[in-house]
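A.B. asks: Residue numbers (the working numbering): 17 to 241.
All C-beta atoms in this analysis are idealised placements derived from N, C-alpha and C, irrespective of residue type, glycine included.
Everything numeric in this text was worked out from a predicted model, so none of it was measured.
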Amino acid sequence: MKRDEFISAFRVTIPVLFGYLAIGIPFGLMLVSKGYPWYLAPFMSLCMYAGAGQYIAVGLFASGASLSAMIITTLMVNIRHIVYGLSLITDFKAVGRWKPYLVFALTDETYALLTGVKVPEGADSGRFYGLIALLNQSYWICGSLIGAVAGKLIPFPLTGIDFALTSLFIVLLIDQLERTRDWVPVAIGFGASVVSLLIFGTDMLIPALAFSLGALIIFRGRKVV
């Protein structure tokens, strides 16, 4: 590993560092508040690493949901990652041995960084992308560990912690816009979300993703032509 590659990857992931600490700590707090041991937080973050899926998993565990309900709910929450993977097929062809880990670690935030970053000249793309993903997961593990340990030692009110995840998405959106200056995906995503919310209510996630993907394919196709 070259020192310059690590430094470049670290600089790219700084927004995620602060964001993952901000939302990882509440996850750890929430987990121990439900009566689970502190070490379960970093263990989930190491093996599951699903962000919003981990938040939802805590509620499912606490409610005594069935295994089938957990599987279906987790699939619905994370089904958007199928789209992420499809859009990175070409980029991941040259990542070599890093590919299995990159597939596993492709969170929303990591996807946002990988689609907006340029590999430094002379750097290995697989290693550079892998460093970004590895650093991001380490931030998430640290955040969840800090929250879980603190929750065992000090009582914390949990009011408002759900907004932490939304805040991180906003920061990443602004960062990506500054890099690409491309407002089209944002406008399409916003429009699709509003329409889906009006039609489907709170069950809007999958329709919004479908509308957004379809609109992007149509728009980009026409643009290329």
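Considering only residues of the stretch 21-90, which uninterrupted alpha helix (DSSP H) runs meet the minimum length of 4 residues and lie entirely inside it, listed in chain order?
C.D. replies: Counting only runs of 4 or more, we get 56-63 and 68-79.
A.B. asks: Can you grab the Cα-Cα spacing for the pair Y117 / T89, in whole Å?
C.D. replies: Using only the alpha carbons, I get a separation of about 24 Å.
A.B. asks: Among I72, A164 and G67, which residue has its Cα nearest to the Cα of F120?
C.D. replies: For the residues I72, A164 and G67, the minimum Cα distance to F120 belongs to G67.
A.B. asks: Flag this pair as touching only if the stretch 90-101 and the stretch 135-155 have three or more C-beta atom pairs under 8 Å; answer yes or no.
C.D. replies: No, they do not touch.
A.B. asks: Quick check: the Cα distance between P223 and L232, rounded to an integer number of angstroms?
C.D. replies: Cα-Cα distance, rounded: 14 Å.
A.B. asks: Which term fits G167, buried or exposed, when burial requires 16 or more other beta carbons within 10 angstroms of its beta carbon?
C.D. replies: Buried is the call here.
A.B. asks: With burial defined as no fewer than 16 other Cβ atoms inside 10 Å of the residue's Cβ, what is the status of E125: buried or exposed?
C.D. replies: When all chains shown are included, E125 counts as buried.
A.B. asks: Roughly how many angstroms lie between the CA atoms of W114 and G142, to the nearest whole one?
C.D. replies: Rounded to whole angstroms, W114 to G142 spans 6 Å at the Cα level.
A.B. asks: Is it buried or exposed for F206, if we count other Cβ within 10 angstroms and need 16 for buried?
C.D. replies: Classification of F206: exposed, given that the 10 Å Cβ count is below 16.
A.B. asks: May I have the straight-line CA-CA distance separating D219 from D20, to the nearest angstrom?
C.D. replies: Taking the straight line joining both Cα atoms gives about 45 Å.
A.B. asks: Does the Cβ-Cβ distance between L161 and G44 come in under 8 Å?
C.D. replies: Cβ distance < 8 Å, so L161 and G44 count as in contact.
A.B. asks: For P223, name the three-state secondary structure that DSSP assigns.
C.D. replies: Of the three classes helix, strand and coil, the one that applies to P223 here is helix, per DSSP.
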